[in-house]
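A short worksheet on the structure shown next.
In UniProt numbering, the protein residues as written are 1 to 285.
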């Protein structure tokens, strides 16, 4: 298992190991809470480095755009190598782009998971491409988008947020309300509320809005699939979401959700907000 092999190399100190993304048979983001992993890395860094600063920081927007461009270029290269006779068929192009975004997401998740497993976290100023190639022994197709851009390990979590978002947006399976959500939460919204939701999405920073939508969907898939509430028409949805998220940073944005968004419209409003987000969200801003 990948985690056992990581443990041998980075924690116990045994033999050098090599693995590729073919070893990964699960989506790390679905198996682990990436926020907890980020917090664990920062905790270890502060303890071993005697510093008050967090391990992670945001990468410059131009760096993020350059990564996206390199991922898409790699997808285009793969597509050109397998070009079909039908020049108008976009299915292969879409397939290669989806694979490229998925591969990049996995590569970054390997970085974060490995950092969280190491007893002593390496310098946050280490080149990310070097770490992927020489320490994780990823394949060129896996680390290439992150080399030559002066991306550092301290950028890995922020970059993962963007790359995962690109992958899921391109995959286009997350927009719809989960099938098991009760119809009680799928009541229509008024035009006035629809306008307010559109403005809420527009006013919320792109990464924070993405994180908020992921939590919103998770609430629909879990808590709201397991129980029904009385007086749903008068219960403010944002109260439930704030309690569910338990993240002060996101809560600062959640409080701006319209008060009139009730629990009975939670699923309908989710789909609307996803639609508004997609109009502004795929490009990095």
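Positions of the beta carbon are idealized from the N, C-alpha and C atoms, including for glycine.
Remember, predicted model here, so these are calculated numbers, not experimental data.
Pairwise C-alpha distance: residue j and residue i
| i | j | result |
| --- | --- | --- |
| residue 195 | residue 261 | 12 angstroms |
| residue 67 | residue 240 | 36 angstroms |
| residue 174 | residue 274 | 9 angstroms |
| residue 96 | residue 202 | 30 angstroms |
| residue 159 | residue 134 | 20 angstroms |
| residue 48 | residue 41 | 11 angstroms |
| residue 71 | residue 34 | 22 angstroms |
| residue 44 | residue 206 | 29 angstroms |
| residue 271 | residue 191 | 15 angstroms |
| residue 279 | residue 144 | 29 angstroms |
| residue 242 | residue 212 | 10 angstroms |
| residue 224 | residue 176 | 15 angstroms |
| residue 63 | residue 107 | 17 angstroms |
| residue 215 | residue 112 | 20 angstroms |
| residue 50 | residue 263 | 46 angstroms |
| residue 57 | residue 100 | 25 angstroms |
| residue 39 | residue 110 | 16 angstroms |
| residue 132 | residue 259 | 46 angstroms |
| residue 193 | residue 244 | 22 angstroms |
| residue 116 | residue 136 | 14 angstroms |
| residue 257 | residue 65 | 29 angstroms |
| residue 171 | residue 94 | 9 angstroms |
| residue 204 | residue 46 | 31 angstroms |
| residue 269 | residue 147 | 40 angstroms |
| residue 105 | residue 142 | 9 angstroms |
Endpoints, the alpha helix (DSSP H) within which residue i is located
| i | result |
| --- | --- |
| residue 162 | 156 to 171 |
| residue 252 | 248 to 254 |
| residue 202 | 191 to 203 |
| residue 133 | Careful: residue 133 lies outside any alpha helix (DSSP H) and carries neither H nor E. |
| residue 143 | 140 to 143 |
| residue 300 | The question about residue 300 has no answer, for the chain in this structure spans 1 to 285. |
| residue 208 | 206 to 221 |
Identity of the residues DSSP links to residue i by a beta bridge
| i | result |
| --- | --- |
| residue 152 | 127 |
| residue 262 | 236 |
Residue burial classification, residue i (beta-carbon count within 10 angstroms, cutoff 16)
| i | result |
| --- | --- |
| residue 53 | exposed |
| residue 265 | buried |
| residue 209 | buried |
| residue 140 | exposed |
| residue 267 | buried |
| residue 69 | exposed |
| residue 129 | buried |
| residue 277 | buried |
| residue 255 | exposed |
| residue 103 | buried |
| residue 36 | exposed |
| residue 60 | exposed |
| residue 246 | exposed |
| residue 222 | exposed |
| residue 161 | buried |
| residue 114 | buried |
Residue i: CB within 6 angstroms of a non-hydrogen atom of the ligand SAH
| i | result |
| --- | --- |
| residue 213 | The ligand SAH is not part of the structure shown, which contains no ligands of any sort. |
Chain C within 7 angstroms of residue i, Cβ atoms only
| i | result |
| --- | --- |
| residue 133 | Given the protein chain composition of this structure (a single chain), no chain C is represented. |
Can at least three beta-carbon pairs, one atom from the stretch 151 to 166 and one from the stretch 183 to 200, be found at a separation below 8 angstroms?
Flag = no, the stretch 151 to 166 and the stretch 183 to 200 do not touch.
Under 8 angstroms: do the stretch 170 to 189 and the stretch 116 to 124 share three or more Cβ pairs, one atom per stretch?
With the cut-off at 8 angstroms, the stretch 170 to 189 and the stretch 116 to 124 do not touch.
Between the stretch 237 to 257 and the stretch 177 to 184, can you find at least three pairs of beta-carbon atoms closer than 8 angstroms?
Touching, no, given that fewer than three Cβ pairs across the two stretches are closer than 8 angstroms.
Stretch-stretch touch, CB-based, cutoff 8 angstroms, three pairs: the stretch 163 to 174 with the stretch 246 to 254
no
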